Amino acid sequence: MQTSVIEVSHLYKDYQTAAGPFPVLKDVNLRIDSGDYVAIMGPSGSGKSTFMNILGCLDKPSKGQYVLDGHPVANMEDNAVAGVRNKTIGFVFQGFNLLSRSSLLDNVALPLVYSGIDKVERHQRAKVLLEKVGLGKHIHSRPNQISGGQQQRVAIARALVNNPRLILADEPTGNLDSVTSEEIMALFGDLNQEGITIVLVTHETDIAEHAKRQVRFLDGKIVQDTASGAANSSDIQETHHV
Amino acid sequence: MFSAMLGEAWHAMGANRLRTFLTMLGMVIGVGAVVLMMAIGQGAEASVKRSINAMGSNLFVVLSGPPNMGGARSATGNAPSLNVRDADAITELDGVLAVAAVTMGKAQIVFGSNNWNTDIIGTTPGYFDVRSWDLSDGYTFSDSDIRSATRVALIGKTVADNIFGEDINPIGKTIRIQQSPFVVLGVLNSKGQTLDGRDQDDTIIVPLTTAQRKLFGNQLPGSVRQIIVQAESDKAMAMVEEGLNGLLNQRHNIREGADSDFSVRNLTAIANSAAETTRTMSLLLGAIASVSLLVGGIGIMNIMLVSVTERTREIGIRMAIGARQRDILLQFLLEAIVISIVGCLIGIGIGVAGAILVSTFTQAEVIISTDSMLIAFSVAASIGVFFGFYPARKAAKLNPIDALRYQ
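Residue numbers (this note's numbering), protein chains in the order written: chain A, 49 to 290; chain B, 113 to 519.
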């Protein structure tokens, strides 16, 4: 039996608007096991980004349970949630979101600052990861001195620096050309091979096909899950991993 | 972690140098003004204090008069109502430390081809104690000089400079005061100016009896213009004043309720009020300078608010990768504190330089105290914390999703 990294049950999210609460997520149930590679798809307004924000502990559900790596995080207080974002999750964004004033080394090492790790070890670990993503020669460059694909590699290195259980990638290839996109997706594939769980939001089918499992959102609900018809059927996922 | 944040604060300041500089300028001017004003204020206070000390402490002056001639009263000190026997009697009063009887006038003095017009003070040896006035050279006259009314003189620095010049040692030389020859026994220490700007060194001191008998003459034998009385201590002042009035009224046969023919003046009270005035002035200067510090602080707050808005996205990124609210708070707070402290250090430099300039160009006394720098420094640091806190808290309270989406 696989251990689950993400377990979401009966999740609701309403946005408060002038016209009253507007439901964005309606009773979402999803289980993602350790080592899985899931693509979340859906058109704009389907709720996939909101769902992603909740998975990343950037937003809180209005109702429902979210268990991340064995810890219920839906009602955690802010500092503890910051710790979860720091240690359990690695974020990769569409817009890379690197700090433009800092060197690549400092960018990658930044999460470790908030873990209270000393400077020597911070730089050591950041350097190892930059080498791993093929940017070992550029560690003192600034983000604006390298290409978009390279910037995304830096962002991936930053996401990995604290050895997270889970990588959350929000349209990671949205700003990249198709060749670079393939390179980035290959990198994600390698990371998944190493055992890191990856959840990817995209609206491009060919990108989603790199994942082992596709989950499709529409109007705040999961309408399709290639792992199963039901939301949590682990035996089907077992076969999926073979 | 703290050092990493300090480094980031430094970087952030470097990212927009002109803006950081302008923000700092408010602090620089504020602190500079405080340091400069305190230097000038303390300098003024010190020079007043020195004038007071030069005058002597715990002093009363008993003046004769005012004379009353057919109902018209003239200036005090003109009627010869005090005499040396009054001074001797005062010596016996409780709480009196020293007494000096003084008579004075102006006279022309001559040495060789130089001449000079100056104040002549005839007094007793006690005068040097009550005025705490020492000699820079030579020796003073004694009681025997008083008894025999010898023609000896002690000259002030200004007089010495004017009739002897630098090359001649005045000691033992004979000068002429109103045609009479006087031997110079000593030169008085420089006392500088009084509070009202008179030159205290432009004077000659001779034995009281010599002045009375040989220089100015006397309507009544032994009469003096004033008697200077020094009390033992600050606390004894009231007692001595009462004693003086009682004693002199009795000696002069003044009935109760009638006008006295003398007046007692408390010099220390006058001097203290002058000191109080300068203290108030330096306090006022400090207050005005503090206003500019406050304005500098508001400038920091303003820029930090702009900076938080500009860097909303950065804050979002930091939160997404695990920064807690207090990490963000600390980051922006540190930035504000670093700006104010660096500004403060530059301000101290400028304030000190300004104070030195002021003292070289105006000859005004300035005192640059480490106290004033420490005060300015701690005030600046508190201003950084105080005015940096609100923007920093605003940054820390941002919602990470909104911050990440911010363009």
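Glycine included, C-beta positions come from ideal geometry on N, C-alpha and C.
Since the model is a prediction, treat every value here as computed from it, not as a measurement.
Proximity winner among P109(A), V86(A) and V132(A), relative to Q64(A) (alpha-carbon distances):
P109(A)
Rounded to a whole number of angstroms, what is the C-alpha to C-alpha distance between S115(B) and H188(A)?
Approximately 20 angstroms, taken between the alpha carbons.
Closer than 9 angstroms by beta-carbon distance: list the chain B residues that pair up with N127(A), in chain order.
R436, Q437 and R438
So, for Y518(B): in the same chain, excluding its five sequence neighbours on each side, which residues have a beta-carbon less than 6 angstroms away from its beta-carbon?
T424 and R425
Mind checking if R133(A) is an interface residue toward chain B, Cβ cutoff 7 angstroms exclusive?
yes
Can you tell me the Cα-Cα spacing of A213(B) and L486(B), whole angstroms?
Taking the straight line from one Cα to the other gives about 49 angstroms.
Given A278(A), which residues of its chain have a CB within under 7 angstroms of its CB, disregarding the five upstream and five downstream residues?
Residue confidence for A278(A) is low, a pLDDT of 44 falling below 50, so the modelled location carries little weight; the figure read from the coordinates is stated next. None.
Is V403(B) helix, strand or coil when you go by DSSP?
Three-state DSSP puts V403(B) in a helix.
Quick check: the Cα distance between T98(A) and L73(A), rounded to an integer number of angstroms?
Straight-line Cα distance between these residues: approximately 8 angstroms.
Neighbourhood of D117(A) by C-beta distance below 7 angstroms, restricted to the same chain and skipping five residues each side:
Excluding the 5 residues flanking it on each side, D117(A) has same chain C-beta neighbours closer than 7 angstroms at V53, T136 and R213, in chain order.
Would a C-beta distance cut-off of 7 angstroms place G119(B) and G411(B) closer than the cut-off?
no
Answer with yes or no whether the minimum CB distance from R149(A) to chain B is below 7 angstroms.
Answer yes: the Cβ-Cβ gap between R149(A) and chain B drops below 7 angstroms somewhere.
By Cβ distance, which residues of its chain are closer than 6 angstroms to G455(B), with the 5 residues on each side in sequence left out?
These residues qualify, in order along the chain: M136, M139 and V140.
Helix, strand or coil at T235(B) according to DSSP, with G and I counted as helix:
strand
Chain A beta carbons: is any one of them nearer than 7 angstroms to that of I429(B)?
Residue contact with chain A for I429(B): present (Cβ-Cβ distance below 7 angstroms to some residue of chain A).
Threshold first: 4 residues or longer. Then list the alpha helix (DSSP H) segments lying entirely within the region 144–228 of chain B, N to C.
196–203
At least three beta-carbon pairs within less than 8 angstroms, the region 508–518 of chain B to the region 473–487 of chain B:
no
So, A504(B) versus I427(B), is the Cβ gap smaller than 7 angstroms?
No, these two residues do not count as a Cβ contact at 7 angstroms.
If you draw a straight line from the C-alpha of L178(A) to the C-alpha of V497(B), how long is it?
Rounded to whole angstroms, L178(A) to V497(B) spans 38 angstroms at the Cα level.
Return the chain-ordered list of same chain residues with a C-beta closer than 7 angstroms to the C-beta of G237(A), the five sequence neighbours on each side being excluded.
H258
Please confirm whether I433(B) has its beta-carbon closer than 7 angstroms to some beta-carbon of chain A.
Output row for I433(B): interface = yes.
Just tell me which of P191(A), M233(A) and N211(A) has its CA closest to the CA of V202(A).
P191(A)
Looking at the ligand MG, does it come within less than 6 angstroms of V209(A), judged from the CB to the closest heavy atom?
The ligand MG is not part of this structure, which contains no ligands at all.
Which residues does DSSP list as the beta-bridge partners of H119(A)?
In the DSSP output, where bridge partners are listed per residue, H119(A) has L116(A).
Shorter than 7 angstroms from the beta carbon of A127(B) to some beta carbon of chain A?
So, interface residue.
Does A508(B) come within less than 7 angstroms of chain A when only Cβ atoms are used?
no
What beta strand (DSSP E) runs, 3 residues minimum, are completely inside the region 256–329 of chain B?
264–267, 286–289, 292–300 and 315–319
Can you grab the Cα-Cα spacing for the pair G365(B) / L359(B), in whole Å?
Note that residue 365(B) is Asn in the sequence shown, not Gly. Taking the straight line from one Cα to the other gives about 10 angstroms.
Can you tell me where the beta strand (DSSP E) holding D218(A) begins and where it ends?
L214 to D218
Helix, strand or coil for V181(A) per DSSP?
Looking at V181(A) - three-state DSSP - the assignment turns out to be coil, as it is neither helix nor strand.
In the structure shown, what three-state DSSP assignment does P503(B) receive?
helix
Burial state of V196(B) (16 or more Cβ within 10 Å)
buried
Suppose contacts are defined by Cβ-Cβ distances below 7 angstroms. Is A130(A) in contact with G434(B) by that definition?
yes
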